[in-house]
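Residue numbers (this note's numbering), protein chains in the order written: chain A, 34 to 308; chain B, 336 to 639. All C-beta atoms, glycine included, are put in the ideal place defined by N, C-alpha and C.
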Amino acid sequence: MKSVDSDFSPSSLSGLAGNFPPRVLLRASGLTVRFGGLLALDAVDFEVREGEIVGLIGPNGAGKTTFFNCLTGLVMPDEGEVRYKGQLLVLRPYKVAEAGLARTFQNIRLFPNMTPLENVLVGRHCHTKEGVWSALWRGKRFREAEASARMAAAEFLDFVGLVPDEDLSAHSLSYGDQRRLEIARALACEPGVLLLDEPTAGMNPRETQAMLELVQQIRDRGVAVVVIEHDMRFIFSLCDRIVVLDSGCKLSEGTSVEVRKDPRVIEAYLGISPE
Amino acid sequence: MEQFAQQFVNGVVLGAMYGLIALGYTMVYGIIQLWNFAHGEIFMVGAFGGLAVWTALPESLAENAFLALPLIFTAAVFTATFTAVLVERVAYRPLRSSPRITALITAIGVSIVLQESVRLFYPDGKRPQSFPGLVAEGNFSIGDVRIPWVSLFIVIVAFFAMLLLQAFVHATKTGKAMRAVSQDPDTARLMGIDVNRIIMVTFAVGAILAALAGVLQGMKFRQIDFHMGFLAGLKAFTAAVLGGIGNITGAVLGGLLLGITEVMATQYIPQGSAWKDVWAFIVLIVVLVFRPTGLLGEDVSVRA
């Protein structure tokens, strides 16, 4: 499948073989959300290609989280559409998850009274087929399916650097570990695109560095990542492409070098026009 | 002492039935924070569904407990589940995002509608209907304690139903999804869980348990009437609050404690039997005053 986009930036090819531009996984066109009289998103176009890490930045209230909510069906757009692998997405949360979009939250939202492993198992919901009767009967097939689901869940925990502990509820994990667990749970959906909403909020520099490496490993697994962050060093050293939102509009888009030099971006952040 | 033991057994039997009904209350509350006051009527409708099928059976079949019982239970479960799912779809789902009090008043309305429907449309429904006993009459004895066979049957059915429920909630995918929805519905949606379906399943599971309780109650007292769900529902509600709102083990424990309390108060407090139905509500008030989260209730702040 060949993409026809001509404005493709070469930097996002890094880590990918072949000369064809990677195909577009996710494309939002003309997304518009109004909250009463407030235009939270104003006809935003956005796309993610295979193997990309895209940064989504902008001042507070720019509409970044609303954009994520819109993609995942928590907020219905007033206009616009989202396509995933060319298919029109039905913007209902569970449909979006089935299609292949998973996310984490700015304020962590785990299932607090489940163990970390159970949290990840819920994440595998779309990928476990299991009848009620077989579960109650606990036959050989069920036990095998259960064992493999647990094994997969344990692998996801291991991937983000957590150790499964049967006696621990998710709410008693440390803050950084809760963030990692949320990512493990999202990955358990086996998404094609992972949306991370401020993954390093409240983290110290060492944890932030570990998160940076984790996101790169996620990309290496073949999952494209969109990340909202306020930590510019994190964004600039991680992302292939950066999209800047301001007051619900897409202000700028490009590589970190391009975005950093864009006078509109500097104005939005610092409130002054450069010479 | 034997009197105490005897009453203890009676309390456990009564409590097992309260527990079965309380489970439906507590599960629905856990998942959509609705006190489904029509749940007592689901219990009643289940009993009537079972009775209707038994009445329609040819005599040779109706006398045979091994054939009739499964049919009665199946009919009761189907009637109750169908009613509960219909009520959820028609009355509660449209109100999912309205204030809680609206849904609560709707539940009370649904409860009246169901009672009156049975009264009006079940043949001779305004009078109590006699219910088959089916399990062998008579008792067996442990020491000096006499236990009717039907009581043993009730405890066994209730015990296995609760065991199955526990397995369902903890081992199945749907059960896991149910727990996820009760802790955070929005996040559960994003994990690919169809929340509306899970809510429907919750109502259905509650209805199944209530239907079992309805048939058991009919078998024990040999009589059912359109009004039976009212008091049973209120007591099950008390049991659910006593055990801890939203807590499955708590509902069973609350049911047992309530059954035992009621029986003991009737036995040992002078003139206690005249106040038979008051003890449950005294317990309710005491719990609400001193431990509103119930015996096994979680600290609410952990949920949020």
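Collapsed DSSP secondary structure at residue i in the structure displayed
i	result
D459 of chain B	coil
Q602 of chain B	helix
D198 of chain A	coil
F79 of chain A	strand
Q249 of chain A	helix
I482 of chain B	strand
T65 of chain A	strand
C282 of chain A	strand
S433 of chain B	coil
N152 of chain A	helix
S465 of chain B	strand
V635 of chain B	Its pLDDT being 44, under 50, V635 of chain B is placed unreliably in this model, and the value from its coordinates should be taken loosely. Three-state DSSP puts V635 of chain B in a helix.
G94 of chain A	coil
L499 of chain B	helix
L386 of chain B	helix
V258 of chain A	strand
Chain A contact for residue i (CB, 7 Å cutoff)
i	result
R524 of chain B	yes
K508 of chain B	yes
Partner residues on chain A for residue i, Cβ-Cβ distance less than 9 Å
i	result
Q518 of chain B	L143, F144, P145, N146 and M147
R481 of chain B	Result: empty, since nearest Cβ-Cβ is about 35 Å, beyond 9 Å.
R514 of chain B	F144, N146, M147, E151 and V155
K611 of chain B	Result: empty, since nearest Cβ-Cβ is about 38 Å, beyond 9 Å.
Chain-ordered neighbours of residue i on chain B, where CB pairs are closer than 8 Å
i	result
G156 of chain A	M526
For residue j and residue i, the rounded distance between their alpha carbons
i	j	result
G460 of chain B	E451 of chain B	9 Å
A185 of chain A	V196 of chain A	13 Å
D612 of chain B	F503 of chain B	33 Å
V277 of chain A	T233 of chain A	18 Å
A512 of chain B	L122 of chain A	23 Å
F456 of chain B	V448 of chain B	12 Å
P520 of chain B	G564 of chain B	30 Å
P405 of chain B	A411 of chain B	10 Å
V621 of chain B	G473 of chain B	38 Å
Nonlocal neighbours in the same chain, by C-beta distance under 8 Å from residue i, ignoring five residues either side
i	result
T441 of chain B	A426, Y427 and L430
G346 of chain B	L591, G594, I595, T596, E597, V598 and M599
E131 of chain A	C159
A493 of chain B	A351, M352, G354, L355, L547, A548 and L551
L631 of chain B	G578, G579, N582, T584, G585 and L588
P92 of chain A	D279, A301 and Y302
Short CB-CB distance (under 7 Å) between residue i and chain B
i	result
P126 of chain A	yes
C103 of chain A	no
E177 of chain A	no
C159 of chain A	yes
A317 of chain A	There is no way to answer for residue 317 of chain A, as the model of chain A reaches only from 34 to 308.
Any non-hydrogen atom of the ligand ZN closer than 6 Å to residue i Cβ
i	result
V77 of chain A	As far as ligands go, the structure on display features none, and thus does not contain the ligand ZN.
Interface residues of chain D facing residue i [CB-CB closer than 9 Å]
i	result
E199 of chain A	Looking for chain D here will not work: the only protein chains present are A and B.
Under 7 Å from the C-beta of residue i: neighbouring residues of chain B
i	result
L20 of chain A	In this structure chain A extends from 34 to 308, so residue 20 of chain A is not present and cannot be described.
R212 of chain A	Ordered by position in chain B, no residue passes the 7 Å Cβ test against R212 of chain A, which lies about 14 Å from the chain.
7 Å Cβ shell around residue i - same chain, five flanking residues per side excluded
i	result
V66 of chain A	A73, L74, T99, C103, V108, P110 and D111
R297 of chain A	L284 and S285
Contact set between residue i and chain B, taken where Cβ atoms lie within less than 9 Å
i	result
R136 of chain A	L525
C222 of chain A	L525, M526 and G527
Close beta carbons around residue i, own chain, < 6 Å, minus the five adjacent residues each side
i	result
L402 of chain B	L396
C282 of chain A	D75
F138 of chain A	D230
Under 7 Å from the C-beta of residue i: neighbouring residues of chain A
i	result
K570 of chain B	Those within 7 Å of K570 of chain B in chain A number zero; the least Cβ separation is about 28 Å.
Partners in chain A for residue i, counting only beta-carbon separations shorter than 8 Å
i	result
K511 of chain B	E151, L154, V155 and H158
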